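At position 314 of the sequence shown (counting the first as 1) the number is 375 in the working numbering, and the numbers step up by one without a gap. Note that beta-carbon positions come from the ideal geometry of N, C-alpha and C, so glycine has one too. Treat the numbers as computed from the prediction; the structure is a model and nothing was measured. See below for the structure under consideration.
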Amino acid sequence: MIWRMLRREVRWVAVAVTALACMVGCSGTSTAQKQSAIVELCRPSPPSTVTVSGVGRLGSRHTPPNSIPPRDDGMIGVGACGKGGDVDDSGRDWSDAFVNASAAGMQAYEDCLVRPLFEPWASMLLEELEVLPGEALLDVATGPGTVARRAAMRVGTTGTVTACDLSAAMLAIASAKRALPGAAPIDYLQCPAAPLSVPTEAYDVVTCQQGLQFFPDRARAVAEMARVVRTGGRVWAAIWGAIETCPPFAALEAAIRAVMGDAAADRYRGGPWGLADGARVATLFENAGFRDVRVEQRRVPVTFEAGVEQLWRSLAASGIATDIDALDGAQRRALQAAVTDQLSPLVRNGQVESETVSNIAIAVK
62 MIWRMLRREV RWVAVAVTAL ACMVGCSGTS TAQKQSAIVE LCRPSPPSTV
112 TVSGVGRLGS RHTPPNSIPP RDDGMIGVGA CGKGGDVDDS GRDWSDAFVN
162 ASAAGMQAYE DCLVRPLFEP WASMLLEELE VLPGEALLDV ATGPGTVARR
212 AAMRVGTTGT VTACDLSAAM LAIASAKRAL PGAAPIDYLQ CPAAPLSVPT
262 EAYDVVTCQQ GLQFFPDRAR AVAEMARVVR TGGRVWAAIW GAIETCPPFA
312 ALEAAIRAVM GDAAADRYRG GPWGLADGAR VATLFENAGF RDVRVEQRRV
362 PVTFEAGVEQ LWRSLAASGI ATDIDALDGA QRRALQAAVT DQLSPLVRNG
412 QVESETVSNI AIAVK
């Protein structure tokens, strides 16, 4: 394909060094100091001043309403379920938690999970897709903009990046980040995955990192990706494998089950790890009309430098965060002790070291 040939000649190397990376990576800084710094960053931050109201948009560019095709299929936002779709409510608690989250809860997600967990997968995504300068990319379920920001560096000032999410708190975090030099401006949209509030056949690339499993009607969400990508364009989605293949989170689930019971533990695992069947993922893309569909399992090492405390604080951004908030003091201490116990086999020099596994779906329209 033409874009693969070009990719051999054009390689973009994006190096973004944040203050946090410098702080925890500098030589001469002790492990204890690194851990203490990250734990402090994982504490809830004051709410952002950036707000989003309704199903609207953040950003400077405007898509005329008449460029979005009218719909007659009854799809009405995140809760829409349609005929013949892959409809599943297993991720409902997590989806609702993200939509209704406070700025502090989503800041916990950003501070405790994005750098160790999501950034390495985002880099793999864009490398595999061979995203080129000048391309138009849509990132579905962008969260705090992890993929979108890296994509903006890849497509450069001649390209475009649109990033959508249903969570106002997530979009506030994403849009508040400083623009990267030489990167395309990012147009942030608040909208569901079905229907997407973007024009038909407007993008060369569509990405969705760890979002598909949360959509109540996955078939319609993938059909929307097919609608908005151009003929010959490509789509990439990452979906966590079974929770047992992601040991740090399997440990959290075991702790929740021991202290809070089966119902809470099942709701915890049913969100991010609720679409672990690669064949089922492939069928979603094939049924939407994509070709050259392949789903491959990948694993990436993960290190939580602040150790057990970092993963404990990540529960503030989970689908059972309100249940944990409702625990009394003794129950909360019991849960924290169980988390420490379950994670102990993964602790090395105060850090939690392990791996995570995802099913990676790549398809062409």
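Query, Result
"Alpha carbon of residue 223 to alpha carbon of residue 262, nearest angstrom", "13 angstroms"
"At least three beta-carbon pairs within less than 8 angstroms, the region 402 to 416 to the region 353 to 366", "yes"
"Start-end ranges of the beta strand (DSSP E) lying completely within the region 235 to 264, minimum 3 residues", "247 to 251"
"Residue 362 - partner residues in DSSP beta bridges", "416"
"Span separating the alpha-carbon of residue 307 from that of residue 358", "13 angstroms"
"Coil, strand or helix - residue 292 by DSSP", "strand"
"Other residues of its chain near residue 351: CB distance less than 7 angstroms, five sequence neighbours each side excluded", "287, 296, 424, 425, 426"
"Residues that DSSP places opposite residue 198 in a beta bridge", "222, 266"
"Coil, strand or helix - residue 278 by DSSP", "strand"
"CB of residue 225 within 7 angstroms of CB of residue 371, strictly", "no"
"Cβ shell of residue 217 (< 8 angstroms), same chain only, five flanking positions each side left out", "73, 194, 195, 243, 244, 245"
"Beta-carbon gap between residue 276 and residue 254 smaller than 7 angstroms", "yes"
"Residue 369 beta carbon less than 7 angstroms from that of residue 356", "no"
"Proximity test, Cβ basis, 7 angstroms: residue 399 and chain B", "No chain B is present in this structure, which holds just one protein chain."
"Bridge-paired residues (DSSP) for residue 422", "298, 356"
"Where residue 208 falls: helix, strand or coil (DSSP)", "helix"
"Alpha-carbon to alpha-carbon, residue 393 and residue 190", "43 angstroms"
"Per DSSP, cross-strand counterpart(s) of residue 408", "413"
"Spatial distance of residue 267 from residue 390 (CA atoms)", "45 angstroms"
"Classification of residue 417 by the beta-carbon crowding that lies within 10 angstroms, buried from 16 upward", "buried"
"Extent of the continuous alpha helix (DSSP H) run through residue 345", "339 to 348"
"Residue from 402, 344, 265, 335 with nearest C-alpha to residue 316", "402"
"Short Cβ contact (7 angstroms threshold) for residue 334 with residue 304", "yes"
"Distance, residue 166 Cα to residue 387 Cα", "15 angstroms"
"Within 7 angstroms, strictly: CB atoms of residue 187 and residue 210", "no"
"Which of helix, strand or coil DSSP assigns to residue 390", "helix"
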